[in-house]
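Sequences listed follow chains A and E, in order.
Sequential numbering of the first sequence, starting at 91, is according to my numbering.
Sequential numbering of the second sequence, starting at 376, is according to my numbering.
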Amino acid sequence: MSFREKCAWISFVLVLLVLVGVAAGGHVGIVGFHYFLTLLIGFALLQVMLRLIIAWQAPKDARTPKDEREQLIDLKAARIGFYALVAGVLLSMLAVHFHGNPWSGLHTMVFSILVAWAIKLGAEIVYYRRGR
Amino acid sequence: MPPLPITNTIRKLRFEHGEMTQQDLAERVGVTRQTINAIELGKYSPSLEVAFRIATVFGVRLEEVFSYDGGGPSPTPSER
Numbered sequence: 091m092s093f094r095e096k097c098a099w100i101s102f103v104l105v106l107l108v109l110v111g112v113a114a115g116g117h118v119g120i121v122g123f124h125y126f127l128t129l130l131i132g133f134a135l136l137q138v139m140l141r142l143i144i145a146w147q148a149p150k151d152a153r154t155p156k157d158e159r160e161q162l163i164d165l166k167a168a169r170i171g172f173y174a175l176v177a178g179v180l181l182s183m184l185a186v187h188f189h190g191n192p193w194s195g196l197h198t199m200v201f202s203i204l205v206a207w208a209i210k211l212g213a214e215i216v217y218y219r220r221g222r
Numbered sequence: 376m377p378p379l380p381i382t383n384t385i386r387k388l389r390f391e392h393g394e395m396t397q398q399d400l401a402e403r404v405g406v407t408r409q410t411i412n413a414i415e416l417g418k419y420s421p422s423l424e425v426a427f428r429i430a431t432v433f434g435v436r437l438e439e440v441f442s443y444d445g446g447g448p449s450p451t452p453s454e455r
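The structure is reproduced here in structure tokens:
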């Protein structure tokens with residue numbers, strides 16, 4: 091498995107964990123937002139740590155810049171993630187419209203970002219597995 | 376996923392060049408080993424630039440490395 095595929099797996103699993111954390115937390119309002127920020131900081135720290143570990147195991151792979159196939163995979167996955175994000179933003183607008191509460195919109199938006207991110211990373215992994 | 380209409384002789388050329396490893400070839404071409412593997416297995420069609428670089432590494436013409444087996448006219452954008 092290539093360095094970048096391992097990175098995609100790490101990010102995918104961590105985003106899923108944040109997603110579960112946000113869904114299971116059940117916090118609302120500013121508390122919910124702070125809870126999300128805390129999860130995000132934990133996510134970033136863990137991600138840096140795990141990436142450093144795999145870069146340490148395969149330093150040559152980690153130093154190699156993305157080649158054309160990896161860039162293409164990145165772009166194709168980002169396109170899929172983009173559609174998920176747009177759908178999420180539209181849902182957020184609907185949430186604000188129906189609930190009349192901006193916090194519900196913000197929570198839906200945060201959730202949408204995470205789902206779109208997970209979809210993007212999932213697509214990346216599928217493309218890496220398929221070879222293109 | 377339909378197979379790509381482009382076939383190649385990279386495996387044979389690597390063998391003829393002293394069992395050159397995929398990693399060696401990848402480093403000379405400037406791509407990752409996984410990309411060379413994907414090209415060799417026909418899972419990925421490289422750009423023209425990478426195709427030329429591969430041919431240059433082996434010191435052969437491009438058509439000695441890659442051949443198009445699709446036949447017929449090229450598909451329209453909606454058919455791709």
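Note that CB positions come from ideal geometry on N, CA and C, so glycine has one too.
These numbers were taken from a predicted model, which means no experiment stands behind them.
Backbone secondary structure at residue i - three-state DSSP
{"i": "residue 456 of chain E", "result": "Because residue 456 of chain E is not part of the residues shown, which for chain E are 376 to 455, the question remains open."}
{"i": "residue 422 of chain E", "result": "coil"}
{"i": "residue 101 of chain A", "result": "helix"}
{"i": "residue 442 of chain E", "result": "strand"}
{"i": "residue 157 of chain A", "result": "coil"}
{"i": "residue 197 of chain A", "result": "helix"}
{"i": "residue 191 of chain A", "result": "coil"}
{"i": "residue 117 of chain A", "result": "coil"}
Any non-hydrogen atom of the ligand HEM within 7 Å of residue i CB
{"i": "residue 110 of chain A", "result": "As for the ligand HEM, it is missing from this structure, which has no ligand bound."}
Span separating the alpha-carbon of residue i from that of residue j
{"i": "residue 136 of chain A", "j": "residue 103 of chain A", "result": "11 Å"}
{"i": "residue 93 of chain A", "j": "residue 163 of chain A", "result": "14 Å"}
{"i": "residue 153 of chain A", "j": "residue 117 of chain A", "result": "41 Å"}
{"i": "residue 130 of chain A", "j": "residue 105 of chain A", "result": "9 Å"}
{"i": "residue 128 of chain A", "j": "residue 181 of chain A", "result": "24 Å"}
Neighbourhood of residue i by C-beta distance below 8 Å, restricted to the same chain and skipping five residues each side
{"i": "residue 440 of chain E", "result": "383, 384, 385, 388, 426, 429, 430 and 433"}
Identity of the residue in the options nearest residue i by Cα
{"i": "residue 200 of chain A", "options": "A:101, A:99, A:109 and A:100", "result": "A:109"}
{"i": "residue 155 of chain A", "options": "E:405, E:400 and E:378", "result": "E:405"}
{"i": "residue 220 of chain A", "options": "E:399, E:400, E:398 and E:409", "result": "E:409"}
Cutoff 6 Å; reference residue i; Cβ partners in own chain excluding five residues on either side
{"i": "residue 222 of chain A", "result": "none"}
Close beta carbons around residue i, own chain, < 7 Å, minus the five adjacent residues each side
{"i": "residue 436 of chain E", "result": "430"}
* Asked: Are three or more beta carbon pairs between the region 392-400 of chain E and the region 182-198 of chain A nearer than 8 Å?
  -> no
* Decide if the region 209-221 of chain A is in contact with the region 155-173 of chain A; the criterion is three or more beta carbon pairs, one per stretch, under 8 Å apart. => The region 209-221 of chain A vs the region 155-173 of chain A: in contact.
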